[in-house]
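Per this note's numbering, the very first residue in the sequence shown carries number 2; after that it's consecutive.
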Amino acid sequence: MDSGTPTTGPSTPLVRRLWFQTFAAMAVGVVVTLLTHGAAAHWLGWMGVIFVRLLKMVIVPLIVTSIVTGVASVGSGRQLGRLGAKTLVYYVCTSLLAILTGLVLVNLIRPGVGADLAGQSGSAMPEIQTPGSLADIFVRMIPTNPIQAMADGDMLAIIFFAILLGVGLAHLPERQKDTVGRLFDQGFDLMMMVTGGIIRLVPLGVLGLISQAVASSGVKTFQALGLYALTIVAGLSIHWLVTLPLLLLLLGRISPWIHYRNMSEAFITAFSTSSSSATLPVTIRNVRQRVGVSNSVTSFVLPMGATINMDGTALYECVGAIFIAQVLGFHLDFSAQLVVVITALLASIGAAGIPSAGLVMIFLVTESVGLRGPEVATVIGIMLAVDRPLDMYRTMVNVTSDSAGAAIIARSEGEVGINAH
Numbered sequence: 002m003d004s005g006t007p008t009t010g011p012s013t014p015l016v017r018r019l020w021f022q023t024f025a026a027m028a029v030g031v032v033v034t035l036l037t038h039g040a041a042a043h044w045l046g047w048m049g050v051i052f053v054r055l056l057k058m059v060i061v062p063l064i065v066t067s068i069v070t071g072v073a074s075v076g077s078g079r080q081l082g083r084l085g086a087k088t089l090v091y092y093v094c095t096s097l098l099a100i101l102t103g104l105v106l107v108n109l110i111r112p113g114v115g116a117d118l119a120g121q122s123g124s125a126m127p128e129i130q131t132p133g134s135l136a137d138i139f140v141r142m143i144p145t146n147p148i149q150a151m152a153d154g155d156m157l158a159i160i161f162f163a164i165l166l167g168v169g170l171a172h173l174p175e176r177q178k179d180t181v182g183r184l185f186d187q188g189f190d191l192m193m194m195v196t197g198g199i200i201r202l203v204p205l206g207v208l209g210l211i212s213q214a215v216a217s218s219g220v221k222t223f224q225a226l227g228l229y230a231l232t233i234v235a236g237l238s239i240h241w242l243v244t245l246p247l248l249l250l251l252l253g254r255i256s257p258w259i260h261y262r263n264m265s266e267a268f269i270t271a272f273s274t275s276s277s278s279a280t281l282p283v284t285i286r287n288v289r290q291r292v293g294v295s296n297s298v299t300s301f302v303l304p305m306g307a308t309i310n311m312d313g314t315a316l317y318e319c320v321g322a323i324f325i326a327q328v329l330g331f332h333l334d335f336s337a338q339l340v341v342v343i344t345a346l347l348a349s350i351g352a353a354g355i356p357s358a359g360l361v362m363i364f365l366v367t368e369s370v371g372l373r374g375p376e377v378a379t380v381i382g383i384m385l386a387v388d389r390p391l392d393m394y395r396t397m398v399n400v401t402s403d404s405a406g407a408a409i410i411a412r413s414e415g416e417v418g419i420n421a422h
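Right, dumping it as structure tokens:
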């Protein structure tokens with residue numbers, strides 16, 4: 002729930018909280034599968050298969066409506082002006098830095114190598130899609146038939162087409178823009194509602210998928226899962242404790258310690274709710290009252306960040322996609338990893354409003370390099386078991402990047418007194 006609406010509140014009973022239900026389902030799946038010597042995988046596996054198919058069903062309409070509305074909300078080039086251009090450049094650069102951090106770590110730690118979580122040792126796997134050059138990647142991004150691209154799951158082409166639609170919508174005359182914009186907004190709201198209902202089925206999906214994983218790999222499942230989670234946490238920590246503080250210091254001449262102290266309320270809210278959107282009122286209040294950024298900068302930069310900026314999730318998707326490739330025994334060369342980077346970056350433009358954006362986007366990124374099939378679904382199901390705590394951390398990183406951006410951009414606009422206390 003990186004930026005979507007939180008599914009539960011503080012007063013919700015423990016047994017009704019999605020994270021508790023997910024962990025309970027994982028525990029039940031492990032125990033039952035071990036007690037039945039793997040036979041439970043045949044009884045429970047169908048739930049995981051159905052859950053994954055439901056998620057794949059909503060990916061294309063969800064991503065298209067999300068990116069179109071996200072890009073259109075930014076406005077046309079004439080409307081953006083200097084402030085908008087600075088904000089866009091900052092958000093793209095910080096997301097790219099986060100992705101590259103994750104890319105380096107997952108290639109150094111290699112958490113999925115030798116894990117065989119999907120039980121694929123000795124099995125023939127389909128050949129991975131590897132572009133021949135950087136030029137091939139950009140050629141692939143332009144669909145000759147957008148509808149065919151959607152049917153084939155060509156994610157780079159789908160994202161590019163959705164961005165173009167959003168840019169075109171932003172440049173329409175006001176009357177047509179309102180009409181078409183409402184259509185996409187309502188379509189996005191509808192898809193968010195459908196996706197939210199599917200997300201409620203995560204415990205059943207985890208139950209089915211984890212039973213299959215334990216039946217095929219046993220305790221090795223949890224060794225690889227722990228190393229994967231550690232890689233994500235390390236990447237998020239570097240971005241939160243090193244990259245963003247350095248940007249505050251070098252670009253804004255702002256004390257990271259003071260900024261983080263002033264934003265502590267928003268960080269705690271983001272961590273506990275796993276929702277950037279739910280945290281936005283607290284973020285705005287902290288940035289205005291404690292950090293000291295003007296209303297004109299805050300009211301533009303922060304809502305825009307909640308729409309298009311998700312550093313933590315972009316890092317998570319990059320690491321997750323390469324982890325899956327490692328588990329399945331694929332070697333992603335430089336060009337394939339570049340596709341992962343570009344897909345994660347482009348998808349982050351409009352996916353911040355999606356509930357459990359990380360969960361939806363992992364399919365999008367893996368599809369972009371041809372990683373698909375039941376084996377991929379099984380590994381993603383295992384990853385879901387630890388998604389909640391990682392979701393909490395990456396949401397806090399997303400909010401931190403938004404607030405740091407507001408402070409840096411305010412300083413670049415000549416504002417004084419930023420983080421003065």
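Glycine residues also receive a C-beta, built at the ideal position from the N, C-alpha and C atoms.
Among the residues of its own chain, which have a CB less than 6 Å from the CB of residue 412, if the five just before and after it don't count?
253 and 419
Residue 343 versus residue 321 - alpha carbon distance
15 Å
Which ranges would you report for the alpha helix (DSSP H) in the region 226–281 if only whole runs of at least 4 residues count?
245–253, 257–263 and 265–274
Among the candidates 263, 303 and 306, whose CA atom is the shortest distance from the CA of residue 287?
263
Starting from the Cα of residue 331, find the closest Cα among 373, 318 and 300 and give me that residue.
Here the closest residue by C-alpha is 373.
What does the alpha-carbon distance come out to for the pair residue 145 and residue 337?
22 Å
Residue 102 versus residue 371: straight-line alpha-carbon distance, rounded
23 Å
Could you tell me whether the Cβ of residue 364 comes closer than 8 Å to any Cβ of chain C?
Among the chains of the structure shown, chain C does not appear; only one protein chain is present.
For residue 58, which of helix, strand or coil comes out of DSSP?
helix
Give a yes or no on whether the C-beta atoms belonging to residue 163 and residue 64 are separated by under 8 Å.
Yes, the pair counts as a contact, with Cβ atoms nearer than the cut-off.
With contact counted as at least three CB pairs below 8 Å, one residue from each stretch, are the region 55–75 and the region 275–286 in contact?
no
What first and last residue would you give for the alpha helix (DSSP H) that runs through residue 309?
296–309
Taking the continuous alpha helix (DSSP H) assigned at residue 338, which residues delimit it?
From DSSP, the alpha helix (DSSP H) with residue 338 extends over 335–348.
Does the region 309–326 touch the region 398–408, meaning 3 or more C-beta pairs lie closer than 8 Å?
yes
Where residue 150 sits in the DSSP three-state scheme
The answer is helix: DSSP assigns residue 150 an H, G or I state.
Buried or exposed: where does residue 327 fall if 16 or more other Cβ atoms within 10 Å of its Cβ makes it buried?
Residue 327 should be labelled buried.
Starting from residue 375, follow the alpha helix (DSSP H) in both directions and report where the run begins and ends.
375–385
So the alpha helix (DSSP H) residue 167 belongs to, where does it begin and stop?
156–171
C-alpha distance - residue 416 paired with residue 86, whole-angstrom precision:
18 Å
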